[in-house]
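Peer 1: Before I ask anything, here is the structure I am working with.
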Amino acid sequence: MNYPVGIRIVKLPCTGRVAVIHLLKALEKGADGVFVAGCMEGDCRYQAGNLRAKKRVAYVRQLLQSIGMEPERVAMYNLSSGEGPRFAEISREMAEKVRQFGPNPVKGKGVRKEKAA
Amino acid sequence: MIMAKPKPIEEIINEIKGFDKILVAGCNGCVAVCEAGGLKEVEILASALRMYFGNQHKNMQIDEVSLTRQCDKEYLAEIKDRIGSYDAVVSIACGAGVQFMTEMYNTKRIYPGVNTCFIGVTEEKGVWTERCQACGECILARTGGICPIARCSKRILNGPCGGSSNGKCEIDKDVPCGWQLIYERLKELGELKRFEEPVSPKDWATSRDGGPRKLVKEDSQI
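Protein chains in written order, with the working numbering: chain A, 5 to 121; chain B, 291 to 512.
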């Protein structure tokens, strides 16, 4: 049941709430990778939340490719809330994948943002 | 509303790569509705650009702003105190917004971040289609509320043409024949007699053929 200690979990009522900017912000702020753990396809309590998240993950992967980052730093997995061991397995799998890419190249870089209007 | 779609990010990067301080400016009007240039899209584009330039070891500042509209001076004026500090702006408003910002801040380079496409409607979430070409002389009253200028690929006034087949246009099997739609609509309305009266040639001077257009409403002027 163990999963890597570096993983930070952000809880949401449904993966349908995951917006493109949430995934990008995680990466921009230095996460080496992000995965969305949604319910099994067809099992969404809100009908299509996980399918929407899947499309947003696909969009972000395309965008990452366009800006020269590994698209696989973002991924979508589907599992039920009762599958703790599977969650741990996915976490280890994702951590291992991201480890192969190396640290997020954006981490600690000098690009700044100030609040405008 | 006016529809637009994001430019490939590579194209935007290529335009701004020589600068150090960029403002990404969105418009919360039409382009926000078609999910190309509103607040959310500003956040996404700016974040992606920051990551790209961070990756390139370039010390660049990329800020965000989203204006109510970019086609009105009072909203463009909201950035007048801060625009001076930026090397360039990427505006993700429609072409009108980009140009109006350029006119208002003519010492700044304003780059478009979207391709402006057409005047259209939201068919369903994420699907937009063209409905109007702003020809300046509306003939919808004669065509059952379906525009042959916008919906017929040839913009003919007395259709359908020989390229209409099974209700579809010859340019694409997924494009409905505008004149077939008009025929069906007029049939429903019991107005098929309209087909017996050919429409006279249109005066295109009210459209783009007459040059850039201007609209003045004197009672509105101050």
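Just so it is clear, CB atoms sit at the ideal spot from N, CA and C, and this is done for glycine as well.
For residue 467 of chain B, which three-state DSSP category applies?
Peer 2: Reduced to three states, the DSSP call for residue 467 of chain B is coil.
Peer 1: If we count the other Cβ atoms within 10 Å of its Cβ and call it buried at 16 or more, is residue 357 of chain B buried or exposed?
Peer 2: The residue is buried, with at least 16 neighbouring Cβ atoms inside 10 Å.
Peer 1: Between residue 16 of chain A and chain B, is any beta-carbon pair separated by less than 8 Å?
Peer 2: Answer no: the Cβ-Cβ gap between residue 16 of chain A and chain B never drops below 8 Å.
Peer 1: Find the residues of chain A that neighbour residue 342 of chain B, judging by a C-beta separation of less than 7 Å, and give them in chain order.
Peer 2: Correct list: 71, 72.
Peer 1: Let me check one thing: in DSSP terms, what residues is residue 41 of chain A bridge-paired to?
Peer 2: A:81.
Peer 1: Taking Cβ positions only, does residue 97 of chain A come closer than 8 Å to chain B?
Peer 2: Not closer than 8 Å to any Cβ of chain B, the Cβ of residue 97 of chain A fails to qualify, so no.
Peer 1: Provide the residue(s) that pair with residue 418 of chain B in DSSP beta bridges, ordered along the chain.
Peer 2: Answer is B:412, bridged to residue 418 of chain B.
Peer 1: Do you know offhand how far residue 474 of chain B's Cα is from residue 433 of chain B's?
Peer 2: Between residue 474 of chain B and residue 433 of chain B, the C-alpha separation is close to 10 Å.
Peer 1: Who are the near neighbours of residue 405 of chain B in its chain, counting only those whose CB is closer than 7 Å to its CB and skipping five residues on each side?
Peer 2: 294, 295, 297.
Peer 1: List, in order along the chain, the chain B residues whose C-beta lies closer than 8 Å to that of residue 87 of chain A?
Peer 2: Those within 8 Å of residue 87 of chain A in chain B number zero; the least Cβ separation is about 31 Å.
Peer 1: Kindly list the residues whose CB is nearer than 7 Å to the CB of residue 377 of chain B, restricted to its own chain and excluding five residues on each side of it in sequence; keep chain order.
Peer 2: Hits under 7 Å: 309, 310, 311, 312.
Peer 1: DSSP three-state call for residue 454 of chain B: helix, strand or coil?
Peer 2: Coil at residue 454 of chain B, not helix or strand.
Peer 1: Verify whether the separation of the beta carbon atoms of residue 9 of chain A and residue 37 of chain A is less than 8 Å.
Peer 2: No; because the gap between Cβ atoms is not below 8 Å, this pair is not in contact.
Peer 1: Check whether the Cβ atoms of residue 73 of chain A and residue 341 of chain B lie closer than 8 Å to each other.
Peer 2: Yes, they are a contact pair.
Peer 1: Ends of the alpha helix (DSSP H) at residue 31 of chain A?
Peer 2: Residues 24 to 32.
Peer 1: In terms of alpha-carbon separation, which member of A:20, A:90, A:66, A:95 lies closest to residue 49 of chain A?
Peer 2: Ranking the options by Cα distance to residue 49 of chain A, first place goes to A:20.
Peer 1: Going by the DSSP bridge assignment, what does residue 462 of chain B pair with across the sheet?
Peer 2: B:459, per the DSSP bridge assignment.
Peer 1: Answer yes or no: do residue 369 of chain B and residue 335 of chain B have a C-beta to C-beta separation smaller than 8 Å?
Peer 2: Against a cut-off of 8 Å, the Cβ pair of residue 335 of chain B and residue 369 of chain B comes out as no contact.
Peer 1: For residue 425 of chain B and residue 491 of chain B, I'd like the C-alpha separation in whole angstroms.
Peer 2: Answer to the nearest angstrom: the Cα atoms are 13 Å apart.
Peer 1: If you reduce the DSSP assignment to three classes, tell me which class residue 73 of chain A lands in.
Peer 2: In the structure shown, residue 73 of chain A sits in coil (DSSP, three-state: anything other than H, G, I, E or B).
Peer 1: In the structure shown, what three-state DSSP assignment does residue 433 of chain B receive?
Peer 2: Coil, per DSSP.
Peer 1: When DSSP builds the beta bridges, which residues end up paired with residue 294 of chain B?
Peer 2: For residue 294 of chain B, which the question treats as bridged, DSSP gives the partners B:406.
Peer 1: Return the residues of the stretch 27 to 39 of chain A that lie within a Cβ-Cβ distance of less than 8 Å from chain B, sorted by chain order.
Peer 2: Correct list: 28, 29, 31, 32.
Peer 1: Of all the options A:85, A:62, A:107, which has the alpha carbon lying nearest to the alpha carbon of residue 75 of chain A?
Peer 2: Residue A:62 is the option with its Cα nearest to residue 75 of chain A.
Peer 1: Which one or two residues does DSSP pair with residue 381 of chain B in a beta bridge?
Peer 2: Note: residue 381 of chain B sits in a beta bridge opposite B:315, B:402.
Peer 1: Any chance the stretch 453 to 472 of chain B sits against the stretch 438 to 445 of chain B, with 3 or more Cβ pairs inside 8 Å?
Peer 2: Yes, the stretch 453 to 472 of chain B touches the stretch 438 to 445 of chain B.
Peer 1: So, at 7 Å on beta carbons, what are the nonlocal neighbours of residue 430 of chain B in its own chain, with the 5 sequence-adjacent residues on each side left out?
Peer 2: Answer for residue 430 of chain B: 437, listed in chain order.
Peer 1: For a contact defined as C-beta to C-beta under 8 Å, what are the partners of residue 299 of chain B on chain A?
Peer 2: Chain A residues near residue 299 of chain B: 67, 70, 71.
Peer 1: Between residue 24 of chain A and chain B, is any beta-carbon pair separated by less than 8 Å?
Peer 2: It does; some Cβ of chain B falls within 8 Å.
Peer 1: First and last residue of the alpha helix (DSSP H) that includes residue 340 of chain B?
Peer 2: Unbroken alpha helix (DSSP H) run through residue 340 of chain B: 329 to 345.
Peer 1: Which stretch, first to last residue, makes up the alpha helix (DSSP H) that contains residue 302 of chain B?
Peer 2: Residues 299 to 306.
Peer 1: Whose C-alpha, out of B:380, B:504, B:351, B:344, is nearest the C-alpha of residue 328 of chain B?
Peer 2: Measuring from the Cα of residue 328 of chain B, the nearest candidate turns out to be B:380.
Peer 1: Quick check on residue 438 of chain B: does DSSP put it in helix, strand or coil?
Peer 2: Here residue 438 of chain B sits in helix by DSSP.
Peer 1: Let me confirm a value: residue 362 of chain B is counted as buried when at least 16 other C-beta atoms fall within 10 Å, else exposed. Which label applies?
Peer 2: Its Cβ having fewer than 16 others within 10 Å, residue 362 of chain B is exposed.
Peer 1: When the cut-off is 8 Å and only beta carbons count, does residue 490 of chain B lie next to chain A?
Peer 2: So no, residue 490 of chain B is outside the interface.
Peer 1: So, does the CB of residue 381 of chain B fall closer than 8 Å to a CB anywhere in chain A?
Peer 2: Chain A, which has no Cβ nearer than 8 Å to the Cβ of residue 381 of chain B, makes this no.
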